[in-house]
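One structure below.
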Amino acid sequence: MVQGLSSAKAVLALLSEEDNVVVLFALKRLSALMDTFWHEVSGELAYIESLAASTRLADETRRLASLVASQVYFHLGDYSRSMNQALAAGTAFDATTRSLFTDTILSRCIDTYVEYQETAESERGELPPRLETLFVSLTRSWVLENETMAALKEMVGFTVRARRLDFLETVLRQSLAKTHSAEILNFTFYVASVLLQDITFRRKALRLLADLYTDGLATIDYYSLAHCLLFLGDVEATSNLVCGLWRGGNRTVAYQLAFDLFEYGNQEYLSGVVAHLEKQLGVSEQALTAQTAPGSASGAAPPAAAAAAAGAATSSPTAVPESPEHKLLSVLSGQVTTNLNVKFLYSRCVADVHVLTHIKKMTDSRNSVIHNGTVVANAFMYAGTTMDGFLRDNMKWLGASQYWAKFTAVASTGAIHRGHTEEAMRVLEQYLPKGSSVPALPYQEAGALYALGLIHSPLGAARDRTTIEYLAENLQKFSANVQMVHGASLGIGLTAMGLQDESLYDALFTCVTGMDAVAAEGASVGVGMLMLGSGNDVVVQSLKNVAYEENQKEKVIRGVCMAMALINLGREDEAMPLAEELLESGDPWVRLGGCFVLGLAYAGTESTKTIEKLLSITVKDMSDDVRRTAVTMVGFLTFKDPNLCLDLIRVLVDSYSPHVRYGVTMALAVSAAGTGNTAVIEVLWEMLEDIVDYVRQGATLALAMVMVQVTEKENPKVRDFRTLLEKKTEDRNEGRCSKLGYVLAAGLLDAGGRNCTFALHKQRHRLDKAVVGVFMFLQYWYWYPYLLMITLAMQPTCVIGLNESLELPEYTFKSNAPPSTYAVPKSVQQERKVKASEVHAVVLSTTRKEEELRQRRHQGPGSSGTAAAGGSGGAASASATGTSGGEGGAASADAGADKDGGGAAEQEATFETLHNPARVTAHQFAVISHDVDPRYVPLKPKPMGICLLRDTKPELGAVQLVAPVVLSDRDEAAVPEPFTYP
């Protein structure tokens, strides 16, 4: 309480005076007394507001009346009105004075301004001029006060939220002028690319960063600049950057940028960069085609001729063209990366064929679903390794496939040989069309066309279009055959993904409108992949017209909806009108398309409004298919944060609808794929006991996708899961639906020879092909051949070091963890051998009693006091001497445990030395260090995948290279059954 005053009534009485000076004095006095007597002043609030609006008073008096009214509203807790009155007070409100009232009003003003800026322009109202002025003055003063990096980062976040590019530029330039470091730019890049959901302002911020990365830095951060240009999709600037480095003599950095761009870029972007570089570097298309491996495909030549050409190409001592310019373009198009990955997966494959043999043995080949699932599991397990020995060794068993199962079986060969483009035609020679106008074996030949697409899917740019032309010719040639159209359409979509070729679109769309439902669905998917991410309104409208046709077939509508979703991949707010239109349809299959569009358009953005819309559909829609799909699409929005996905849909785990519960499993599978997230695993583990078979199937598949490459040391449930898969596969009473899940999960868990993981994003970049692969994989609910699409999301986990000549030098680095932490799991035969060695001899009770009696007789009648001890020792002796084999087995088991697990006899090392190229799991990258090799160091910090190495001691001369890997036509025989040497 103010000293000497017990009430403000006397001051309030002065407000009724006519003299402006007296009223001004009273208002100043009330403002000073407000914290103590606000409850008395609030009774005159209406009169004070009338003074603020009075025309007889001076401007200063009216502004002060507004300030007093603002203070009253503040104490009453009405902060919105308090802010409005403070803004009306103008200069009477001193924003520089620090008090609870001032800080609250300023905070409210900032929140209001930010909320206004975040609102779409079409929905904005009128912003008070005083609010704009106040915000600008505050921001300018705060910008000048920033000294520490923490304060700068706060200011960056503030200006980004406020959508003020001018202030953001001021903050960044001031920081660069002081530090000449890219730290603040990298932080801003993270905020803009990950946290900022406004796609329009994001592009403006990234454009600003692209300019600043080359201005004011002591050393240009080329890698961050390239990532920035990749987010912008700026083809011309990217090609200029790479070309400038190349011509400036910094070719090693240019190579590394090319590898990074291929790893993170989509096909449309890479094709544009390659086309620009061809012009800038003066590389002719004819010379390019001549130096490219001719065995990749051949449109006009028969398969035998193509195979011969491929054989001649592979006999060349080098896998890349000799010209440095061609090497660079080969890196950008993905040929070098694909070749290296294939050789790595082949040489490091540790998949256990006994798992497949056990499944084959324990299941009935007459059960077509499980039989087909085993074939697909084999494709998952050996994807990209080129090892198809299981299929070739079981041709009679494979012959049980019928109709579309044959299609899938042949297509699985493409998944196994994924990336093996040089031998594609030779591998598929016996299945490809032979030239007749009518296919002799339509399912096999169509599957081969699909396989051709899977083989070429890893490439990033279609430099050699012969494969695409070959598929297009077959599409046109067999346009009356349902199977051939379906296979050729999927093949075209995979090989020409994102190219937006009009002639290919016309050929595919003709099949959408004039073919059987199965062929039309395949052609629709082909259109979607061809126009991936383009947002082409003309194509979308054409597809929409097909979906709205009267009496349209379900498969056609679903295929068209998938195509529209693929076309709008990553378009975010641009796709929202289409999604809302589809969701308002009375046809559940069209509403299904609306969910597809939302999931792919906002993939990885964590958009709050979109998640709310999908969750609303999950609980309100009447169609089980729509509800299941809606909750599944939440996984696509949150695949950068699995914990967010789990928090959003955890309550749906107990939903009464099994379709929603299945959707939960798939959402978690998508969001946590390859992460080994413990919380997600716990939730999915509980769902393995669901009473509905397809929910159990979904939980099994999801666990396999989440647990891939997770070891027992990281999560003990991995061992339990493998045991569960083996047990359930053997169970004759297990239902067909759930057993299919167990079979497929066995393949997913050992994806790519146990050297691959599932990744939908990397280094903040959405991997478009991986997103497409997982999206199409989930459509196996309706069509099993889509299962093979998940190979698009398989990423080899390795470190492959290259020198400036793109050769593999001998290079070592260190994993700072015990070898067993990230070791490959034991094979089935090794596990059985360990279990057999752990079996101890069983001593029967009758044997124990007889042994006790025998001991008593030997000891005599006077030794009864030691009978118990003697009996115990006798039993132990019997078990030791009478079953020496058991003891020996136990001893060997203990020795094996000490050897494998680091027992007391021999302690396990705390680190492991790895040699180039090396298998490094996704979690293992965190403990990798590159400080042990005496000569080479990585060009960029924390390398993953393919990295260029810098030679620190070139004066030592030539370095020893890693022995080249030669892909064999016949993979090695399986490990034989264990035996005991006599």
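According to UniProt numbering, the sequence shown holds residues 1 to 982 in order.
Glycine is no exception: its CB is placed at the ideal position from the N, C-alpha and C atoms.
Which residues in the same chain have their Cβ closer than 7 Å to the Cβ of residue 486, if we skip the five residues on either side of it in sequence?
446, 518, 519, 522
Output needed for residue 728: all residues of its chain with C-beta closer than 6 Å, excluding positions within five of it in sequence on either side, in chain order.
Closer than 6 Å at Cβ, skipping near neighbours: 734, 742.
Can you grab the Cα-Cα spacing for the pair residue 41 / residue 131, in whole Å?
26 Å
Thinking just about the alpha-carbon of each residue, which of 342, 405, 490 is nearest to the one in residue 420?
342
Hey, would you say residue 409 sits closer than 7 Å to residue 451, going by beta carbons?
no
Counting C-beta neighbours from all protein chains within 10 Å, is the total for residue 277 16 or more, i.e. buried, or is it exposed?
buried
In or out: residue 330 buried (at least 16 other Cβ within 10 Å) or exposed?
buried
Measure the CB-CB distance between residue 428 and residue 415 and report whether it falls below 7 Å.
no
Work out the CA separation of residue 666 and residue 635 for me, nearest whole Å.
7 Å
Alpha helix (DSSP H) runs contained entirely in the stretch 205-239, provided each spans 4 or more residues
222-232
Start-to-end residues for the beta strand (DSSP E) that takes in residue 814
812-815
With distance defined between alpha-carbon atoms, name the residue in 405, 671, 674, 706 nearest to residue 685.
706
Relative to the alpha-carbon of residue 699, which residue among 271, 739, 712, 588 has its alpha-carbon at the smallest distance?
Checking every option, the nearest Cα to that of residue 699 belongs to 739.
Measuring straight from C-alpha to C-alpha, what distance separates residue 160 and residue 192?
Cα to Cα, residue 160 sits roughly 8 Å from residue 192.
Assign residue 861 to one of two classes, buried (16 or more other C-beta atoms within 10 Å of its C-beta) or exposed (fewer than that).
Caution is warranted here: a pLDDT of 46 is assigned to residue 861, below 50, making its placement in the model unreliable, and the coordinate value is therefore given only provisionally. Burial call: exposed.
When we look at the beta-carbon of residue 492 and count the other beta-carbons within 10 Å, is it buried (16 or more) or exposed?
buried
Where does the unbroken beta strand (DSSP E) through residue 912 begin, and where does it stop?
912-915
Which residues mark the beginning and the end of the beta strand (DSSP E) in which residue 758 is found?
756-758
By Cβ distance below 8 Å, which residues in the same chain neighbour residue 626 in space, the five residues on each side in sequence not counted?
588, 591, 592, 595, 617
Express the C-alpha separation of residue 504 and residue 696 in angstroms, rounding to a whole number.
Between residue 696 and residue 504, the alpha-carbon positions lie close to 41 Å from each other.
How big is the Cα-Cα spacing for residue 933 and residue 812?
5 Å
Please classify residue 790 as buried or exposed, where buried requires at least 16 other C-beta atoms within 10 Å of its C-beta.
buried
Any idea if residue 915 is buried or exposed, counting beta-carbon neighbours within 10 angstroms, 16 or more meaning buried?
exposed
First and last residue of the uninterrupted beta strand (DSSP E) at residue 799
Going by DSSP, residue 799 is part of the beta strand (DSSP E) stretching over 798-802.
Residue 900 in three-state terms, based on DSSP:
In this prediction, residue 900 scores a pLDDT of 47, lower than 50, which makes its location untrustworthy; the coordinate-derived value is nonetheless stated afterwards. Correct three-state label for residue 900: helix.
If contacts are defined as beta-carbon pairs under 8 Å, then residue 983 and residue 333 qualify, I think. What distance do you get, rounded to the angstrom?
Given a span of 1 to 982 for the chain in the structure shown, any question on residue 983 remains unanswerable.
In three-state DSSP terms, what is residue 14?
helix
Spell out a yes or no on whether the stretch 365-379 and the stretch 392-406 are touching, meaning 3 or more CB-CB pairs, one atom from each, closer than 8 Å.
Three or more Cβ pairs drawn from the stretch 365-379 and the stretch 392-406 lie within less than 8 Å of each other, which places the two stretches in contact.
Exposure of residue 467, with buried meaning 16 or more beta-carbon neighbours within 10 Å
Buried is the label assigned to residue 467, since at least 16 other Cβ atoms lie within 10 Å of its Cβ.
Please classify residue 151 as buried or exposed, where buried requires at least 16 neighbouring CB atoms within 10 angstroms.
exposed
Check whether the Cβ atoms of residue 256 and residue 948 sit closer than 7 Å, and answer yes or no.
yes
Take residue 71 as the anchor and find which of 938, 54, 103 has the nearest alpha-carbon.
103
If you measure from the CB of residue 394, is any heavy atom of the ligand COA nearer than 6 Å?
The ligand COA is absent from the structure shown, which contains no ligand whatsoever.
Straight-line Cα distance separating residue 630 from residue 663
If you take the alpha carbons of residue 663 and residue 630, they lie about 8 Å apart.
I think residue 190 touches residue 765, with their Cβ atoms under 8 Å apart; what is that distance to the nearest whole Å?
Not really, about 12 Å apart at Cβ, beyond 8 Å.
What's the call for residue 538, buried or exposed, on a 16-neighbour Cβ count within 10 Å?
exposed
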